[in-house]
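Protein sequences appear in the order of chains G and B.
Residue 115 in the working numbering sits at position 115 of the first sequence; the count goes up by one each step and never skips.
Residue 486 in the working numbering sits at position 18 of the second sequence; the count goes up by one each step and never skips.
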Amino acid sequence: MEEKIRIEDLPGPKSKEELDEMKIPYEEFCKKIFDPGNEFSKPQALKGIRWMSCTMYIFTPHSVANLAELGAEVVKIEMPRMGDPMRHTSPFNEVYLYPLHDTRPTVGTGLGYTNANPNKYFITMDYHRPEMKEVFYRLVKISDGLTECYRPGTFDRWKQSYRYLQEINPRFIYVWGGGFGYGPKIFGGSYDILGQAHAGLASITGMPEFMGGYPVKHTNWAMDWYSGTLITFAILAALYWRRKTGLGTMIEFSQVQAATRILGYGVPLYGRFGIVRQRWGNWDTQLCVHGIILCGKSDYPDADNPQDREETRYVMVSAFQDADFKALCEVIGNKELYKKYKTHKDRVEAEAQVEIYAALERWAADKSRSEVVRILQDAGILAEPVKNMREVYESEHLRQRGTIRWLDDPTFGDVLVQGGYSTGLMSKTPRRVNWLWRPVGADNIKIYHEMLGYPLSTIKEWYEKAWI
Amino acid sequence: MCDIIWCKKCNTVNYLDPYCFWNWEGKVNCAGCGTVYYIHMIQGFMYKGPEERPGEKPDISPLYADKPLEGYKCYLPGTPGRTRPYNCLPRSKYLGKAEMVKFSIRGKPVRGWCPQPPSSGLAGQFPYRWDIKKLSPDVWQEYQEKIKKGEVKDW
Numbered sequence: 001m002e003e004k005i006r007i008e009d010l011p012g013p014k015s016k017e018e019l020d021e022m023k024i025p026y027e028e029f030c031k032k033i034f035d036p037g038n039e040f041s042k043p044q045a046l047k048g049i050r051w052m053s054c055t056m057y058i059f060t061p062h063s064v065a066n067l068a069e070l071g072a073e074v075v076k077i078e079m080p081r082m083g084d085p086m087r088h089t090s091p092f093n094e095v096y097l098y099p100l101h102d103t104r105p106t107v108g109t110g111l112g113y114t115n116a117n118p119n120k121y122f123i124t125m126d127y128h129r130p131e132m133k134e135v136f137y138r139l140v141k142i143s144d145g146l147t148e149c150y151r152p153g154t155f156d157r158w159k160q161s162y163r164y165l166q167e168i169n170p171r172f173i174y175v176w177g178g179g180f181g182y183g184p185k186i187f188g189g190s191y192d193i194l195g196q197a198h199a200g201l202a203s204i205t206g207m208p209e210f211m212g213g214y215p216v217k218h219t220n221w222a223m224d225w226y227s228g229t230l231i232t233f234a235i236l237a238a239l240y241w242r243r244k245t246g247l248g249t250m251i252e253f254s255q256v257q258a259a260t261r262i263l264g265y266g267v268p269l270y271g272r273f274g275i276v277r278q279r280w281g282n283w284d285t286q287l288c289v290h291g292i293i294l295c296g297k298s299d300y301p302d303a304d305n306p307q308d309r310e311e312t313r314y315v316m317v318s319a320f321q322d323a324d325f326k327a328l329c330e331v332i333g334n335k336e337l338y339k340k341y342k343t344h345k346d347r348v349e350a351e352a353q354v355e356i357y358a359a360l361e362r363w364a365a366d367k368s369r370s371e372v373v374r375i376l377q378d379a380g381i382l383a384e385p386v387k388n389m390r391e392v393y394e395s396e397h398l399r400q401r402g403t404i405r406w407l408d409d410p411t412f413g414d415v416l417v418q419g420g421y422s423t424g425l426m427s428k429t430p431r432r433v434n435w436l437w438r439p440v441g442a443d444n445i446k447i448y449h450e451m452l453g454y455p456l457s458t459i460k461e462w463y464e465k466a467w468i
Numbered sequence: 469m470c471d472i473i474w475c476k477k478c479n480t481v482n483y484l485d486p487y488c489f490w491n492w493e494g495k496v497n498c499a500g501c502g503t504v505y506y507i508h509m510i511q512g513f514m515y516k517g518p519e520e521r522p523g524e525k526p527d528i529s530p531l532y533a534d535k536p537l538e539g540y541k542c543y544l545p546g547t548p549g550r551t552r553p554y555n556c557l558p559r560s561k562y563l564g565k566a567e568m569v570k571f572s573i574r575g576k577p578v579r580g581w582c583p584q585p586p587s588s589g590l591a592g593q594f595p596y597r598w599d600i601k602k603l604s605p606d607v608w609q610e611y612q613e614k615i616k617k618g619e620v621k622d623w
């Protein structure tokens, strides 16, 4: 007789009632302590920390955005009239939020600026001018740290590197974040894609060439976001160190170096065997089945938007354990496949994977994405559709946990945000997004006049000379 | 990087955009004179063709074409009978200028459209809360009407 897996034999709840009984206490507990949407009634972990941000693009601004979302007072110093170049980078030509600056009413800030700059105060200063040095130093005296992203040694030339600033404020934490750092390529700048290429990450991402692929960059500047987050870790550790010793630190963070952290087993593999790791695309070198497959039919064949009409055809499937793989083979009506590759060691071989994924895609060729997901989930196999942005927006899971939410931004109105709430929940001191960003120099008066006490006439003079 | 079909009949350069033609086999029309060419591309390289296929129907049109010898006169994406439309554009036609929205997809007013009134602050200072009722009364009015019609949603 054919062996069948009964639902009663599987771990977990056996009925809806049992599920409710099992989950309610913990579920209610979590809902109560995290309470998404009620962040503003709670304290902020980093309140009292003041950080200066001489940063541009995504990588270094994001390292400071993390602090700002956790409650630090971050002063972002931008180029007068111009602002961070990232403001001028936008996908398509209509997604700018206006104005960029008072003097440029027809120029806006692109949505590409999102998530790297929330909650910051925006001032302008041409800090390399000798006339503005005193202002800069005064900010240093009352701040806990600074992040900058200029070519190595530039701030040193301008007498505002760690060597100089620690004389003014010994508790000062100084972060340089950039491309290569000191060493043979000290003058090399970096972009996210350069980091991915230089560190070898792009070489192991995407499908191999014989399968129609090529080295692929992780999209959306993943290396910028990731490196920025790693800087934040270093800053938090430096703050902890300062509590113990009373002394500041210099953090020197090379982006191309950071990318090597996620090479996985690639480097030790080479060290031991001399094998250069190759790409394996949407499949997995260590697990099989554990990949993304293409289904024959779209979930929304009549949709106007090509992203819905053409692209909603991908499903991630994971069934690498023997029992799961057996169930998968039964579902797709190919028991021979299971007989052939009974052990994981057999399945994970390259030739086996080619055969297995081809069989899966043949089975899915006459099915839509949701049909495939439903059939696999009903069989107890881990499967999820590869969602697009609209589906992320409509995801009940993300909405309930407050990951995706609408913000009434004080300057820009109704905006959809996700970044600040994507980083894990904290029961006592949750992250929060107060505003998306503000126009260039929007907080000049707040910082120069209200915080540092410069008279308005002086500020006006600086402004007219374009020093701020 | 993309390959081209330079049609010698009408001196039109048809650009074979890599997103579509990277691995592709079939017939493409010339945007200038409509001559049908067979091509087979593998990994972005022209493996076979272009070979003329008179009398046959094309499978696809190029996305863009121009005439470098005639002052770069060009056929933009979506010229009927010549080039195919660019599918991923957010708008039906490429207008080349910003489309300002006044409301988000859930019907609440957004701000930050162009042009903006000056901040009226010193040194670029910007008020903390931009009161849409006072500063954009027309949008506020439109918003009230949307609320009445039930077009404003939570999500």
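C-beta: ideal position from N, C-alpha, C; glycine also.
Think of a sphere of 8 Å around the beta carbon of N491 of chain B: the chain G residues whose beta carbon falls inside it are G212, in chain order.
Taken through DSSP and simplified to helix, strand or coil, E78 of chain G comes out as strand.
Going by DSSP, A383 of chain G is part of the beta strand (DSSP E) stretching over L382 to P385. According to the DSSP secondary-structure assignment, T480 of chain B is paired through a beta bridge with B:C475. Distances from the alpha-carbon of P545 of chain B to those of B:L537, B:P536, B:G539 and B:Y532 put B:Y532 closest.
Within the same chain, and ignoring the five residues on either side of R104 of chain G in sequence, the residues whose Cβ sits closer than 8 Å to its Cβ are R81. Apart from the 5 residues on each side of it in sequence, R163 of chain G sits with its Cβ closer than 8 Å to the Cβ of D156 in its chain, given in chain order. With 16 or more other Cβ atoms inside 10 Å of its own Cβ, T232 of chain G counts as buried.
DSSP places T229 of chain G in the helix class (H, G or I) of the three-state scheme. When CB distances to chain G are screened at a threshold of 9 Å, the residues of the stretch 590-617 of chain B falling below it are L590, A591, G592, Q593, F594, P595, Y596, R597, W598 and I600, in chain order. Scanning its chain for C-beta atoms nearer than 6 Å, with the 5 sequence neighbours on each side dropped, one finds around H62 of chain G the residues A116, W225 and G228, in chain order. Annotated three-state conformation of N497 of chain B is strand, per DSSP.
Assignment of H128 of chain G by DSSP, reduced to helix, strand and coil, places it in the coil class. Between the beta-carbon of A323 of chain G and that of I381 of chain G there is about 10 Å, and that puts the pair past the 8 Å contact cut. Listed along the chain, the chain B residues whose CB falls inside 9 Å of the CB of T411 of chain G are R579, G580, F594, P595, Y596, R597 and W598. The beta carbon of I33 of chain G lies closer than 7 Å to those of S427 in the same chain, with the five residues before and after it left out. Taking C-beta separations shorter than 8 Å and ignoring five residues to either side along the sequence, the partners of R171 of chain G in its chain run D144, R242, G246, L247 and G248, following chain order. Here T147 of chain G carries a strand assignment [DSSP, helix/strand/coil].
At a cut-off of 8 Å between beta carbons, R574 of chain B contacts chain G.
Within a 10 Å sphere around the beta-carbon of Q609 of chain B sit fewer than 16 other beta-carbons, which makes this residue exposed. In the structure shown, R574 of chain B falls within a coil segment according to DSSP collapsed to helix, strand and coil.
Residue G:V75 holds the alpha-carbon nearest to the alpha-carbon of I123 of chain G among G:G183, G:Y150 and G:V75. In the displayed model, Y540 of chain B falls within coil according to three-state DSSP, outside both helix and strand. Interface annotation, P105 of chain G: in contact with chain B, CB-CB separation under 8 Å. Here the alpha carbon of K14 of chain G sits roughly 22 Å from the alpha carbon of V331 of chain G. In this structure, DSSP gives L139 of chain G a helical state, which the three-state scheme calls helix. Ranking G:R279, G:W280 and G:Y265 by CA distance to the CA of F273 of chain G puts G:Y265 first.
With 16 or more other Cβ atoms inside 10 Å of its own Cβ, P99 of chain G counts as buried.
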